[in-house]
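Undergrad: Handing you this structure, nothing more for now.
Numbering (UniProt numbering), first residue to last: 1 to 699.
In structure tokens form, the structure reads like this:
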């Protein structure tokens, strides 16, 4: 790894680069000296360059100019690995403005794949943009990458911190980039870019590129950002603050939340206060690509005041006049926080950044810290299953055979593929014969780094020093200094914004959110594994789609749930009133009326029984005796689905003989397996249908 050495383009190369830059940024635009150094280095065959620069520095200008210079000299096309569809779409448009012919191959344009690949192979395409997941696709690898390996002129790894598991956004599929680098013609140049890499991540990425990597690193502070923190608001107050203060924030912007459920709830809270007068929308990774594109366009055009978004709206979204970024809950690291707030104020003198912190964030940080750390016992179980299989296995098949949840299976297979232990074909996953060894020391180090980053976020929230200084120091910026304009430096938040929401706004938001319930989708497959039975749950044993009063840490219910579990009659009454409302709406919408009501208290209390009694009283229905639970040590949090299902099959008490449609009120569950097993047992006892109503679903 080498540090910056100023380089200059030859006059003819500079003319080509300037044509690209003026097409992108206007007739007076030129490459800056630091950008020219990068382009000049990449124009030399076989160069390796890592650019670590602040958001808005112009990293994309470097690879467009370098592509034009390389192509003019007879070099091959550029392959850009980008993480998000929104980024690819923007980049294709930018390349076109720069006079380059660009295209992308992704899940949203399957009909165009054959034509794009042919144009690439016949040399008429200058730039191909792909996702890291596309690199991992066996068919794409055979058809395109093998054919291009010796002909590429430039490979660009955008958001390159994601290839390092020391980074805040490590993605196993991104490590496929390393495989591509191994097959390149030695004359192919490689550029890696990121705005969010500290010294350790920078060193790791540079090492993956090669010993002679040129690292170009600049100052990371953003002078336009006014950083603020408000700590101590209760969860419902945070929603109310956003609903109250959103009209006061400049222009249009992004409100980040930590979960999909938070995004939907916060949109509902804002509409409860403002109706249609303040247009907002939820943006999450689960939306179809076309819908995400439409929402991005709405924000770019100012047709919405804000998108209420998960981290799915982040890398690559470019609105130079984005006026604000608000976080309802802190990201798990200062690096990811810096990356997200960097969306604001790129072409503005001032932009507002606000973090609404909460002590609840700690549990979410710990989840993110451990989510990608392999579990050796689960890995061994997965590998044993694959090793004993007659052929490749699909992810659903592995879920059924191992009892490990589908999302976890997908992540584990990707991690094993990075190590060459498994491989994927069009038929599924299979073992390669390579042994897998758990690198305990390495993963302990990764976990320790992530927890230290969470400690830095705690320091940020406490305001221990200038907020911009703390962020840039966490990225090992040697030029970090006090900004003079954050809420720590000024001693107050941005003028014109309130420290807390009004009580009536909090009441309005809470009242609206408590009226609705989440849908509880029934489990459709038995887990296999320790449970012993796999495959589809027969229709005659399956629960109907149910309802959930309080999902996870739903802010409108958090304090009420705690009080109700402690026996507070007012809180219990509030839950009972909500249950009556939900069941009434459920009955009207479905046309199905429960003929009997049963309760199942899984946590040792009587909350479900109390609510069942209230529902019987209001609906004049029969209520059976509470279903019993046989005492025994409960499954732990790390228990597999198969083990938990087996436990509840053995520990649910005898079921009463029943008939017709029954409503099953359950106090609390995370996985839903006790609901699934209780529903199956009630169906065996004569119920024609079981409608689950879960008071609190913890995950």
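Idealized CB from N, CA, C, for every residue including glycine.
Please classify residue 393 as buried or exposed, where buried requires at least 16 neighbouring CB atoms within 10 angstroms.
TA: Looking at its Cβ environment, which holds 16 or more other Cβ atoms inside 10 Å, residue 393 is buried.
Undergrad: Tell whether a beta-carbon distance below 9 Å holds between residue 7 and residue 55.
TA: Not closer than 9 Å, so no.
Undergrad: At which residues does the alpha helix (DSSP H) containing residue 354 begin and terminate?
TA: Careful: residue 354 lies outside any alpha helix (DSSP H), inside the beta strand (DSSP E) at 351-356.
Undergrad: Span of the beta strand (DSSP E) holding residue 597?
TA: First-last of the beta strand (DSSP E) with residue 597: 596-600.
Undergrad: Using DSSP bridges, identify the partner residues of residue 692.
TA: Bridge partners of residue 692: 664.
Undergrad: So, for residue 217: in the same chain, excluding its five sequence neighbours on each side, which residues have a beta-carbon less than 6 Å away from its beta-carbon?
TA: The residues are 52.
Undergrad: Quickly, what does DSSP pair residue 525 with across the bridge? List them, please.
TA: Beta-bridge pairing links residue 525 to 536.
Undergrad: Excluding five sequence neighbours on each side, which residues of the same chain lie with their C-beta closer than 6 Å to the C-beta of residue 240?
TA: Within the same chain, residue 240 has close Cβ partners 501, 505, 506, 509.
Undergrad: What is the DSSP secondary structure of residue 546, counted as helix, strand or coil?
TA: Strand.
Undergrad: Does residue 700 come out as helix, strand or coil in the three-state DSSP assignment?
TA: Any answer about residue 700 is impossible in this case: the structure gives the chain only from 1 up to 699.
Undergrad: Using a threshold of 9 Å, state whether the C-beta atoms of residue 228 and residue 352 are closer than that.
TA: Yes, these two residues count as a Cβ contact at 9 Å.
Undergrad: Can you tell me which residues form a DSSP beta bridge with residue 80?
TA: In DSSP, residue 80 forms a bridge with 129, 156.
Undergrad: Measure the C-alpha to C-alpha separation of residue 451 and residue 369 and round it to an integer number of angstroms.
TA: Residue 451 and residue 369: Cα-Cα distance of roughly 7 Å.
Undergrad: Given this structure, state the Cα-to-Cα distance separating residue 511 from residue 455, to the nearest angstrom.
TA: Each residue's Cα considered, the two are about 35 Å apart.
Undergrad: DSSP three-state call for residue 739: helix, strand or coil?
TA: Residue 739 lies beyond the stretch modelled for the chain, which goes from 1 to 699, so this question has no answer here.
Undergrad: On a Cα-Cα basis, can you pick out the residue from 596, 22, 93, 309 that is closest to residue 260?
TA: Ranking the options by Cα distance to residue 260, first place goes to 309.
Undergrad: Indicate the three-state DSSP secondary structure (helix, strand or coil) for residue 493 in the structure shown.
TA: In this structure, residue 493 counts as coil in the three-state DSSP scheme.
Undergrad: By how many angstroms is the C-alpha of residue 212 removed from the C-alpha of residue 1?
TA: The pLDDT assigned to residue 1 is 49, lower than 50, so where the model puts this residue is not dependable, and the model offers no usable value.
Undergrad: Would you decide whether residue 518 is buried or exposed? Buried here means 16 or more other CB atoms lie within 10 Å of its CB.
TA: Label assigned to residue 518: buried.
Undergrad: Can you tell me whether residue 118 is buried or exposed? The criterion is at least 16 other CB atoms within 10 Å of its CB, across all chains shown.
TA: With fewer than 16 other Cβ atoms within 10 Å, it is exposed.
Undergrad: List in chain order: all unbroken alpha helix (DSSP H) runs of 4+ residues lying wholly within the stretch 243-275.
TA: Qualifying alpha helix (DSSP H) stretches, in chain order: 260-274.
Undergrad: Counting pairs of Cβ atoms below 8 Å between the stretch 468-481 and the stretch 386-400, do you hit three or more?
TA: The answer is no - the stretch 386-400 does not touch the stretch 468-481, with fewer than three Cβ pairs under 8 Å.
Undergrad: State yes or no: is the C-beta of residue 431 within less than 9 Å of the C-beta of residue 422?
TA: For residue 431 and residue 422, yes; Cβs fall inside 9 Å.
Undergrad: Hey, quick one: how far does the beta strand (DSSP E) through residue 653 stretch, first residue to last?
TA: Where residue 653 is concerned, there is no enclosing beta strand (DSSP E), given that its DSSP letter is neither H nor E.
Undergrad: Just the C-alpha distance for residue 151 and residue 183, rounded to the nearest angstrom, thanks.
TA: Between residue 151 and residue 183, the C-alpha separation is close to 11 Å.
Undergrad: For residue 782 versus residue 566, is the C-beta distance shorter than 9 Å?
TA: Lying before the first or after the last residue shown, residue 782 is absent from the chain, which here runs from 1 to 699.
Undergrad: For residue 189, which beta-bridge partners are listed by DSSP?
TA: Answer by DSSP bridge pairing, in chain order: 154.
Undergrad: Leaving out five residues on either side along the sequence, give the residues of the same chain with a beta carbon under 7 Å from the beta carbon of residue 330.
TA: 337, 355, 357, 361, 457, 461.
Undergrad: Would you tell me roughly how many angstroms separate the C-alpha atoms of residue 203 and residue 197, rounded to the nearest one?
TA: So the two alpha carbons sit approximately 9 Å from each other.
Undergrad: Considering residue 531, what are the terminal residues of the beta strand (DSSP E) in which it resides?
TA: Here residue 531 belongs to no beta strand (DSSP E), and DSSP marks it neither H nor E.
Undergrad: Exposed or buried, what is residue 635 when buried is set at 16 or more other beta-carbons lying within 10 Å of its beta-carbon?
TA: Flag for residue 635 reads buried.
Undergrad: Identify whether residue 241 lies in helix, strand or coil by the three-state DSSP scheme.
TA: Here residue 241 sits in helix by DSSP.
Undergrad: Any heavy atom of the ligand COA closer than 8 Å to the Cβ of residue 81?
TA: The ligand COA is absent from the structure shown, which contains no ligands of any kind.
Undergrad: So for residue 735, helix, strand or coil by DSSP?
TA: Within the shown structure, residues of the chain are numbered from 1 to 699, placing residue 735 beyond reach of any answer.
Undergrad: If you check the beta carbons only, do residue 548 and residue 520 fall under 9 Å apart?
TA: Yes. Within cutoff.
Undergrad: May I ask which residues mark the beginning and end of the alpha helix (DSSP H) holding residue 603?
TA: Careful: residue 603 lies outside any alpha helix (DSSP H) and carries neither H nor E.
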